[in-house]
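Student: Numbering (full-length UniProt numbering), first residue to last: 1 to 296. Just so it is clear, CB atoms sit at the ideal spot from N, CA and C, and this is done for glycine as well. Here the structure is a predicted model, which means the values were calculated and not measured. After the structure tokens below, expect a handful of questions from me.
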């Protein structure tokens, strides 16, 4: 005779959810190792259209910024991961000799400025390595690969940097307040109930979504879901869904997919409906936007 399930939620926890794969599969993040070793004196990082992931393995340094929203000066005293998800000029100030030890990569977010993950993060995340659970094995492999030249070293180091980034994103989902994450995708995925609805929308953006169906995915009433979603994510569920669909449309347009096919894939009745939603969000029609992208 089987035992009856306990009514205590703690005794029957909700099944674990994969909150990242649906986003990362559609909006890839590519890492490219570009430096490993000591940095001495002043080093400036200024590459438009790219993010940066620096791992300070040992040492102590000062960082300065001129970008709005970033601290003018930041002192780093212990092994730390420094994550710049968007373009931001930053300068590392190290002693003129015997500087700090680094392993550094540039990051290319598919979709550029419209990448949902890049948009949802603050301009800098600085975390001591010891605080990020599960990071040590990936970093150990990364450091081992960068300490000597071996066949396939650069390719493997790039993939290991991407593993480190995923480990970091996992940590951010579990510690959004500690990381200073503002309302958006990350905070929404950090809420177990909202995450169920967000994952469903991410995986099936072309389905016929309405408030009732979204709320059902979250296991909430429509009114409670709508209020909680707006508070935690910072926009209405319908507005978030439109943002997600338009972001996907931009990615697919870059790949050469015609608007006619995209309309059906993304749940719009016809290409005109998709074009209107696109124009409202981006300020340009799909054709105008694609032309502007090609001219950059």
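Less than 8 Å separating the beta-carbons of residue 277 and residue 242?
Tutor: Taking the first residue of the chain shown as 1, we reach residue 277 at position 277. Taking the first residue of the chain shown as 1, we reach residue 242 at position 242. Taking 8 Å as the Cβ cut-off, residue 277 and residue 242 qualify as a contacting pair.
Student: In whole angstroms, what is the alpha-carbon distance linking residue 91 and residue 27?
Tutor: Translated into positions along the chain shown, residue 91 becomes position 91. Translated into positions along the chain shown, residue 27 becomes position 27. Approximately 28 Å between the Cα atoms of the pair.
Student: Could you compute how far the alpha carbon of residue 43 sits from the alpha carbon of residue 193?
Tutor: Within the chain shown, residue 43 is the residue found at index 43, counting from 1. Within the chain shown, residue 193 is the residue found at index 193, counting from 1. Cα-Cα distance, rounded: 44 Å.
Student: Assess, as a yes-or-no matter, whether the region 125-145 is touched by the region 195-214 under the definition of 3 or more beta carbon pairs within less than 8 Å.
Tutor: no
Student: Sorted by chain position, which residues of the same chain lie with C-beta nearer than 8 Å to residue 18's C-beta, five sequence neighbours on each side aside?
Tutor: Residue mapping note: residue 18 aligns to position 18 of the chain shown, counting from 1. Closer than 8 Å at Cβ, skipping near neighbours: 199.
Student: Compute the Euclidean distance between the alpha carbons of residue 153 and residue 145, then round it to the nearest angstrom.
Tutor: For the purposes of this step, residue 153 is taken as residue 153 along the chain shown, with counting starting at 1. For the purposes of this step, residue 145 is taken as residue 145 along the chain shown, with counting starting at 1. C-alpha separation (whole angstroms): 6 Å.
Student: Who pairs with residue 84 in a beta bridge, going by DSSP?
Tutor: As a position in the chain shown, residue 84 is number 84, starting the count at 1. Beta-bridge pairing links residue 84 to 52.
Student: Which partner residues does residue 37 have in the DSSP bridge list?
Tutor: Counting from one through the chain shown, the residue named residue 37 turns up at place 37. 102.
Student: What residue range does the beta strand (DSSP E) around residue 125 cover?
Tutor: What you label residue 125 is simply residue 125 of the chain shown in a count that begins at 1. Where residue 125 is concerned, the enclosing beta strand (DSSP E) stretches over 125-128.
Student: Would you check if there are 3 or more beta carbon pairs closer than 8 Å linking the region 220-232 to the region 245-259?
Tutor: no
Student: Using DSSP bridges, identify the partner residues of residue 314.
Tutor: The chain is shown only over 1 to 296; residue 314 falls outside these bounds and no answer can be derived.
Student: Which of helix, strand or coil does DSSP assign to residue 97?
Tutor: As a working note, residue 97 is residue 97 in the chain shown. In the structure shown, residue 97 sits in coil (DSSP, three-state: anything other than H, G, I, E or B).
Student: If we ignore side chains and look at the alpha-carbon of each, how far apart do residue 71 and residue 122 end up?
Tutor: Position 71 of the chain shown holds residue 71. Position 122 of the chain shown holds residue 122. One C-alpha to the other measures close to 12 Å.
Student: Label residue 151 either buried or exposed according to how many other C-beta atoms from any shown protein chain fall within 10 Å of its C-beta, with 16 as the threshold for buried.
Tutor: Stepping through the chain shown from its first residue, residue 151 is reached at position 151. Label assigned to residue 151: exposed.
Student: When the Cα atoms are used, what is the spatial distance from residue 292 to residue 258?
Tutor: Counting from one through the chain shown, the residue named residue 292 turns up at place 292. Counting from one through the chain shown, the residue named residue 258 turns up at place 258. Straight-line Cα distance between these residues: approximately 16 Å.
Student: Taking the CB atoms as reference points, tell me whether residue 89 and residue 135 lie closer together than 8 Å.
Tutor: The residue labelled residue 89 in the question sits at position 89 within the chain shown. The residue labelled residue 135 in the question sits at position 135 within the chain shown. Contact: no.
Student: Rank 187, 48, 128 and 296 by C-alpha distance to the C-alpha of residue 67 and give the top, closest one.
Tutor: Counted from its first residue, the chain shown places residue 67 at position 67. With respect to the C-alpha of residue 67, the residue from 187, 48, 128 and 296 having the closest C-alpha is 48.
Student: Which complete alpha helix (DSSP H) runs does the region 158-223 hold, if anything under 4 residues is left out?
Tutor: 185-190, 192-203 and 211-218
Student: Residue 87 and residue 124 - do their beta-carbons sit closer together than 8 Å?
Tutor: Position 124 of the chain shown, counting from 1, holds the residue named residue 124. Position 87 of the chain shown, counting from 1, holds the residue named residue 87. Contact flag unset, no.
Student: By a C-beta neighbour count over all protein chains shown, 10 Å radius and 16 as the cutoff for buried, is residue 131 buried or exposed?
Tutor: Your numbering for residue 131 matches position 131 in the chain shown. Result: exposed.
Student: State the beta-bridge partners of residue 76 as determined by DSSP.
Tutor: What you label residue 76 is simply residue 76 of the chain shown in a count that begins at 1. 61.
Student: Alpha carbon to alpha carbon, how far is residue 244 from residue 34?
Tutor: Taking the first residue of the chain shown as position 1, residue 244 is located at position 244. Taking the first residue of the chain shown as position 1, residue 34 is located at position 34. It is roughly 32 Å from the alpha-carbon of residue 244 to the alpha-carbon of residue 34.
Student: Between the region 94-106 and the region 170-188, can you find at least three pairs of beta-carbon atoms closer than 8 Å?
Tutor: no
Student: Tell me whether the region 56-64 and the region 73-80 touch, counting them as touching only if at least three CB pairs, one residue from each stretch, are closer than 8 Å.
Tutor: yes
Student: Give every residue of the same chain whose Cβ lies closer than 8 Å to the Cβ of residue 226, excluding the five residues on either side of it in the sequence, and list them in chain order.
Tutor: Translated into positions along the chain shown, residue 226 becomes position 226. Result list for residue 226: 211, 215, 236 and 237, in chain order.
Student: How many angstroms separate the CA atom of residue 195 from the CA atom of residue 273?
Tutor: Position 195 of the chain shown holds residue 195. Position 273 of the chain shown holds residue 273. Cα atoms of residue 195 and residue 273: separation of roughly 28 Å, rounded to the nearest angstrom.
Student: Since residue 267 contacts residue 206 with CB under 8 Å, what's their CB separation in whole angstroms?
Tutor: The residue given as residue 267 occupies position 267 in the chain shown. The residue given as residue 206 occupies position 206 in the chain shown. At roughly 4 Å, the Cβ-Cβ gap stays under 8 Å, so residue 267 and residue 206 are in contact.
Student: Who pairs with residue 145 in a beta bridge, going by DSSP?
Tutor: By 1-based counting over the chain shown, the position of residue 145 is 145. The partner list for residue 145 (beta bridge, DSSP) is empty, contrary to what the question assumes.
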